[in-house]
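The next block holds one structure in the form of C-alpha coordinates; read it before the comments.
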Amino acid sequence: LYIRLGNSHHHLEHYDEALEYYQEALALNPRDEAVYNIIGVLHMEQKNYRMASEWVQSALDIHPTYWDAWANMAEVLKAMKDSDGAIEAYRAALEIEPESADLHGRLGRFCYQERRFELAIIHFRKAVQYKPTSSATHYNLGLALTGEKSYSEAAASFKKAVAIDGTLFDSYYKLGTVLMFQNLFETAKEAYLKAVALEPRRVDVLSDLGTAYVGLKRFGEAKVTFEKALRLQPDHPLSQRRLQELSKLFH
1324 LYIRLGNSHH
1334 HLEHYDEALE
1344 YYQEALALNP
1354 RDEAVYNIIG
1364 VLHMEQKNYR
1374 MASEWVQSAL
1384 DIHPTYWDAW
1394 ANMAEVLKAM
1404 KDSDGAIEAY
1414 RAALEIEPES
1424 ADLHGRLGRF
1434 CYQERRFELA
1444 IIHFRKAVQY
1454 KPTSSATHYN
1464 LGLALTGEKS
1474 YSEAAASFKK
1484 AVAIDGTLFD
1494 SYYKLGTVLM
1504 FQNLFETAKE
1514 AYLKAVALEP
1524 RRVDVLSDLG
1534 TAYVGLKRFG
1544 EAKVTFEKAL
1554 RLQPDHPLSQ
1564 RRLQELSKLF
1574 H
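Just so you know, we're using my numbering here: the sequence shown kicks off at 1324 and counts up by one.
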(Lines of atoms letter the chains of each structure in order from A and count residues from 1; the text may use other names and numbers.)
(Lines give C-alpha, C1' and ligand atoms only; values in the text may rest on other atoms or scores of the structure.)
Protein backbone atom coordinates (compact mmCIF):
# COMPACT_ATOMS: atom_id res chain seq x y z
CA LEU A 1 0.00 0.00 0.00
CA TYR A 2 2.71 2.52 1.00
CA ILE A 3 4.72 1.80 -2.15
CA ARG A 4 1.65 2.26 -4.33
CA LEU A 5 0.82 5.57 -2.64
CA GLY A 6 4.43 6.66 -2.97
CA ASN A 7 4.43 5.81 -6.67
CA SER A 8 1.24 7.83 -7.17
CA HIS A 9 2.76 10.93 -5.59
CA HIS A 10 6.07 10.33 -7.36
CA HIS A 11 4.27 10.24 -10.71
CA LEU A 12 2.74 13.64 -9.87
CA GLU A 13 6.19 14.94 -8.81
CA HIS A 14 4.97 15.37 -5.24
CA TYR A 15 8.41 14.36 -4.03
CA ASP A 16 8.09 15.07 -0.31
CA GLU A 17 4.86 13.11 -0.01
CA ALA A 18 6.26 10.27 -2.10
CA LEU A 19 9.36 10.07 0.10
CA GLU A 20 7.22 9.86 3.25
CA TYR A 21 5.30 6.88 1.87
CA TYR A 22 8.45 5.14 0.66
CA GLN A 23 10.01 5.56 4.11
CA GLU A 24 6.87 4.07 5.66
CA ALA A 25 7.35 1.10 3.34
CA LEU A 26 10.97 0.73 4.47
CA ALA A 27 9.89 0.82 8.12
CA LEU A 28 7.85 -2.30 7.37
CA ASN A 29 10.57 -3.96 5.27
CA PRO A 30 14.02 -2.40 5.80
CA ARG A 31 15.62 -4.68 3.18
CA ASP A 32 13.35 -3.90 0.24
CA GLU A 33 15.95 -3.07 -2.42
CA ALA A 34 13.30 -1.81 -4.85
CA VAL A 35 12.29 0.96 -2.46
CA TYR A 36 15.90 2.07 -1.94
CA ASN A 37 16.29 2.13 -5.71
CA ILE A 38 13.15 4.19 -6.34
CA ILE A 39 14.11 6.68 -3.61
CA GLY A 40 17.41 7.03 -5.45
CA VAL A 41 15.50 7.78 -8.64
CA LEU A 42 13.38 10.31 -6.75
CA HIS A 43 16.51 12.16 -5.60
CA MET A 44 18.05 11.93 -9.07
CA GLU A 45 14.97 13.60 -10.58
CA GLN A 46 15.48 16.45 -8.12
CA LYS A 47 19.19 16.62 -9.08
CA ASN A 48 20.28 15.55 -5.60
CA TYR A 49 22.87 13.28 -7.15
CA ARG A 50 24.99 12.55 -4.09
CA MET A 51 21.91 11.50 -2.16
CA ALA A 52 20.68 9.51 -5.14
CA SER A 53 23.94 7.58 -5.36
CA GLU A 54 23.75 6.68 -1.66
CA TRP A 55 20.22 5.31 -1.93
CA VAL A 56 20.93 3.35 -5.09
CA GLN A 57 24.10 1.96 -3.52
CA SER A 58 22.00 0.80 -0.58
CA ALA A 59 19.82 -1.13 -3.02
CA LEU A 60 22.93 -2.72 -4.50
CA ASP A 61 24.31 -3.58 -1.06
CA ILE A 62 21.17 -5.62 -0.46
CA HIS A 63 20.94 -7.06 -3.98
CA PRO A 64 24.26 -6.85 -5.87
CA THR A 65 22.77 -8.31 -9.06
CA TYR A 66 19.91 -5.79 -9.25
CA TRP A 67 20.47 -4.66 -12.84
CA ASP A 68 17.98 -1.79 -12.72
CA ALA A 69 19.85 -0.28 -9.77
CA TRP A 70 23.14 -0.59 -11.68
CA ALA A 71 21.51 1.20 -14.62
CA ASN A 72 20.27 3.95 -12.31
CA MET A 73 23.72 4.21 -10.75
CA ALA A 74 25.09 4.76 -14.25
CA GLU A 75 22.62 7.61 -14.78
CA VAL A 76 23.61 9.19 -11.47
CA LEU A 77 27.33 8.93 -12.27
CA LYS A 78 26.70 10.45 -15.71
CA ALA A 79 25.03 13.41 -14.04
CA MET A 80 28.00 13.69 -11.66
CA LYS A 81 30.38 13.79 -14.69
CA ASP A 82 32.01 10.49 -13.71
CA SER A 83 32.22 9.04 -17.21
CA ASP A 84 34.36 6.01 -16.39
CA GLY A 85 32.21 5.18 -13.38
CA ALA A 86 29.05 5.42 -15.47
CA ILE A 87 30.45 3.08 -18.10
CA GLU A 88 31.47 0.55 -15.44
CA ALA A 89 27.98 0.72 -13.90
CA TYR A 90 26.38 0.08 -17.29
CA ARG A 91 28.76 -2.85 -17.79
CA ALA A 92 27.73 -4.26 -14.43
CA ALA A 93 24.09 -4.06 -15.50
CA LEU A 94 24.95 -5.78 -18.78
CA GLU A 95 26.73 -8.60 -17.01
CA ILE A 96 23.35 -9.36 -15.42
CA GLU A 97 21.22 -8.61 -18.51
CA PRO A 98 23.61 -9.20 -21.44
CA GLU A 99 20.86 -9.38 -24.07
CA SER A 100 19.16 -6.11 -23.14
CA ALA A 101 18.90 -3.97 -26.27
CA ASP A 102 17.86 -1.04 -24.08
CA LEU A 103 20.98 -1.23 -21.89
CA HIS A 104 23.30 -1.63 -24.87
CA GLY A 105 21.56 1.33 -26.50
CA ARG A 106 21.87 3.51 -23.41
CA LEU A 107 25.56 2.71 -23.04
CA GLY A 108 26.07 3.26 -26.77
CA ARG A 109 24.42 6.70 -26.61
CA PHE A 110 26.53 7.70 -23.64
CA CYS A 111 29.75 6.58 -25.34
CA TYR A 112 28.70 8.49 -28.46
CA GLN A 113 28.15 11.64 -26.40
CA GLU A 114 31.62 11.13 -24.92
CA ARG A 115 33.02 10.73 -28.47
CA ARG A 116 34.11 7.19 -27.67
CA PHE A 117 32.85 6.07 -31.03
CA GLU A 118 34.49 2.66 -31.17
CA LEU A 119 32.89 1.60 -27.91
CA ALA A 120 29.57 3.14 -28.97
CA ILE A 121 29.64 1.06 -32.17
CA ILE A 122 30.17 -2.14 -30.20
CA HIS A 123 27.12 -1.53 -28.05
CA PHE A 124 24.89 -0.23 -30.83
CA ARG A 125 25.72 -3.37 -32.82
CA LYS A 126 24.65 -5.44 -29.82
CA ALA A 127 21.45 -3.39 -29.52
CA VAL A 128 20.73 -4.05 -33.22
CA GLN A 129 21.43 -7.73 -32.71
CA TYR A 130 18.88 -8.01 -29.91
CA LYS A 131 16.32 -5.60 -31.40
CA PRO A 132 16.81 -5.50 -35.18
CA THR A 133 13.46 -3.79 -35.83
CA SER A 134 14.40 -0.59 -33.98
CA SER A 135 14.87 2.23 -36.48
CA ALA A 136 16.34 4.43 -33.73
CA THR A 137 19.06 1.90 -32.98
CA HIS A 138 20.09 1.63 -36.64
CA TYR A 139 20.16 5.43 -36.75
CA ASN A 140 22.34 5.64 -33.63
CA LEU A 141 24.71 3.03 -35.06
CA GLY A 142 24.94 5.16 -38.20
CA LEU A 143 25.87 8.20 -36.12
CA ALA A 144 28.63 6.32 -34.30
CA LEU A 145 29.98 4.91 -37.57
CA THR A 146 29.98 8.43 -38.99
CA GLY A 147 32.02 9.54 -35.98
CA GLU A 148 34.55 6.84 -36.86
CA LYS A 149 34.49 8.00 -40.52
CA SER A 150 33.16 4.59 -41.60
CA TYR A 151 30.88 6.29 -44.09
CA SER A 152 29.89 3.28 -46.18
CA GLU A 153 28.80 1.32 -43.11
CA ALA A 154 27.07 4.40 -41.73
CA ALA A 155 25.08 4.74 -44.96
CA ALA A 156 24.01 1.11 -44.67
CA SER A 157 22.74 1.74 -41.12
CA PHE A 158 20.80 4.87 -42.10
CA LYS A 159 19.27 2.95 -45.01
CA LYS A 160 18.10 0.24 -42.60
CA ALA A 161 16.58 2.92 -40.35
CA VAL A 162 14.50 4.43 -43.15
CA ALA A 163 13.54 0.98 -44.44
CA ILE A 164 11.94 0.34 -41.06
CA ASP A 165 10.39 3.80 -40.77
CA GLY A 166 10.22 6.00 -43.85
CA THR A 167 9.14 9.08 -41.89
CA LEU A 168 12.52 9.64 -40.24
CA PHE A 169 13.80 13.03 -41.34
CA ASP A 170 17.10 12.77 -39.45
CA SER A 171 17.96 9.38 -40.98
CA TYR A 172 17.42 10.64 -44.53
CA TYR A 173 19.40 13.79 -43.77
CA LYS A 174 22.34 11.92 -42.24
CA LEU A 175 22.20 9.39 -45.07
CA GLY A 176 22.59 12.23 -47.55
CA THR A 177 25.50 13.61 -45.55
CA VAL A 178 27.54 10.39 -45.47
CA LEU A 179 26.83 9.80 -49.16
CA MET A 180 28.16 13.29 -49.92
CA PHE A 181 31.32 12.43 -47.96
CA GLN A 182 31.79 9.62 -50.50
CA ASN A 183 31.01 11.88 -53.49
CA LEU A 184 27.91 9.78 -54.23
CA PHE A 185 25.98 12.81 -55.37
CA GLU A 186 23.04 11.09 -57.07
CA THR A 187 22.08 8.91 -54.11
CA ALA A 188 22.79 11.80 -51.73
CA LYS A 189 20.43 13.96 -53.77
CA GLU A 190 17.70 11.31 -53.47
CA ALA A 191 18.17 11.11 -49.70
CA TYR A 192 18.02 14.90 -49.35
CA LEU A 193 14.86 15.03 -51.45
CA LYS A 194 13.24 12.55 -49.04
CA ALA A 195 14.32 14.74 -46.13
CA VAL A 196 12.99 17.89 -47.80
CA ALA A 197 9.66 16.18 -48.46
CA LEU A 198 9.37 15.54 -44.71
CA GLU A 199 10.55 18.98 -43.57
CA PRO A 200 10.38 21.39 -46.53
CA ARG A 201 11.41 24.46 -44.53
CA ARG A 202 14.72 23.11 -43.26
CA VAL A 203 17.23 25.51 -44.78
CA ASP A 204 20.26 23.38 -43.94
CA VAL A 205 18.87 20.45 -45.93
CA LEU A 206 17.96 22.63 -48.88
CA SER A 207 21.48 24.02 -48.90
CA ASP A 208 22.98 20.52 -48.84
CA LEU A 209 20.60 19.44 -51.60
CA GLY A 210 21.81 22.37 -53.67
CA THR A 211 25.39 21.25 -53.05
CA ALA A 212 24.50 17.76 -54.27
CA TYR A 213 23.10 19.31 -57.48
CA VAL A 214 26.39 21.17 -57.90
CA GLY A 215 28.25 17.88 -57.56
CA LEU A 216 26.02 16.49 -60.34
CA LYS A 217 26.70 19.60 -62.44
CA ARG A 218 22.99 20.35 -62.48
CA PHE A 219 23.63 24.02 -61.87
CA GLY A 220 20.18 25.30 -62.73
CA GLU A 221 18.53 23.09 -60.12
CA ALA A 222 21.27 24.02 -57.65
CA LYS A 223 20.57 27.73 -58.18
CA VAL A 224 16.82 27.27 -57.67
CA THR A 225 17.44 25.27 -54.49
CA PHE A 226 19.85 27.81 -52.98
CA GLU A 227 17.43 30.62 -53.81
CA LYS A 228 14.63 28.72 -52.07
CA ALA A 229 16.82 28.31 -48.98
CA LEU A 230 17.59 32.04 -48.97
CA ARG A 231 13.92 32.96 -49.26
CA LEU A 232 13.40 31.01 -46.04
CA GLN A 233 16.55 32.39 -44.37
CA PRO A 234 18.11 35.33 -46.25
CA ASP A 235 21.28 35.32 -44.11
CA HIS A 236 22.07 31.60 -44.45
CA PRO A 237 25.86 31.74 -45.04
CA LEU A 238 26.40 28.47 -46.94
CA SER A 239 23.56 29.13 -49.37
CA GLN A 240 24.81 32.68 -49.92
CA ARG A 241 28.32 31.46 -50.63
CA ARG A 242 27.23 28.65 -52.94
CA LEU A 243 24.95 30.99 -54.91
CA GLN A 244 27.79 33.51 -55.27
CA GLU A 245 30.08 30.74 -56.53
CA LEU A 246 27.46 29.73 -59.11
CA SER A 247 27.10 33.34 -60.24
CA LYS A 248 30.87 33.62 -60.78
CA LEU A 249 30.86 30.34 -62.69
CA PHE A 250 28.50 31.76 -65.31
CA HIS A 251 29.96 35.25 -65.62
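Built from N, CA and C at the ideal position, the CB exists for glycine as well.
For clarity, every value in this text was computed on a predicted model and none was experimentally measured.
Check	Outcome
C-alpha gap between alanine 1443 and tyrosine 1536, whole angstroms	33 Å
Assigned secondary structure, phenylalanine 1504 (DSSP; H/G/I helix, E/B strand, else coil)	helix
Delimiting residues of the alpha helix (DSSP H) encompassing leucine 1442	1440–1453
Per-residue burial, lysine 1401 [other beta carbons within 10 Å of its own, 16 or more giving buried]	buried
Glutamate 1509 - DSSP class collapsed to helix/strand/coil	helix
From Ile1362, Lys1512, Ala1357, His1386, residue whose alpha carbon lies closest to that of tyrosine 1495	Lys1512
Asparagine 1330 - containing alpha helix (DSSP H), residue span	1325–1334
Chain-order list of residues whose beta-carbon lies under 6 Å from that of isoleucine 1657 (same chain, five-residue window excluded)	Residue 1657 falls outside the range modelled here, since the chain spans only 1324 to 1574, and no answer is possible.
Burial state of glycine 1499, where buried means 16 or more other Cβ atoms lie within 10 Å	buried
Check whether phenylalanine 1504 and leucine 1539 have beta carbons under 8 Å apart	no
DSSP-derived helix/strand/coil call for proline 1557	coil
Contact check, glycine 1363 vs alanine 1382, beta carbons under 8 Å	yes
Cβ separation of histidine 1427 and lysine 1449, assumed to be a contact under 8 Å, to the nearest whole Å	4 Å
Chain-order list of residues whose beta-carbon lies under 8 Å from that of leucine 1569 (same chain, five-residue window excluded)	Val1537, Phe1542, Ala1545, Lys1546, Phe1549
Span of the alpha helix (DSSP H), counted from its first residue to its last, around threonine 1534	1526–1538
Serine 1381 in three-state terms, based on DSSP	helix
Neighbourhood of lysine 1551 by C-beta, 8 Å cutoff - its chain only, sequence neighbours within 5 removed	Leu1529
Check whether leucine 1532 and leucine 1516 have beta carbons under 8 Å apart	yes
First through last residue of the alpha helix (DSSP H) which encompasses leucine 1426	1424–1436
Proximal residues to isoleucine 1419 (C-beta, below 6 Å), its chain only, five neighbours per side dropped	Thr1388, Trp1390
Where leucine 1516 falls: helix, strand or coil (DSSP)	helix
Cutoff 6 Å; reference alanine 1467; Cβ partners in own chain excluding five residues on either side	Tyr1435, Phe1440, Ala1443, Ile1444, Phe1447
Residue range of the unbroken alpha helix (DSSP H) whose run includes leucine 1491	It is not in any alpha helix (DSSP H) - leucine 1491 carries neither H nor E in the DSSP assignment.
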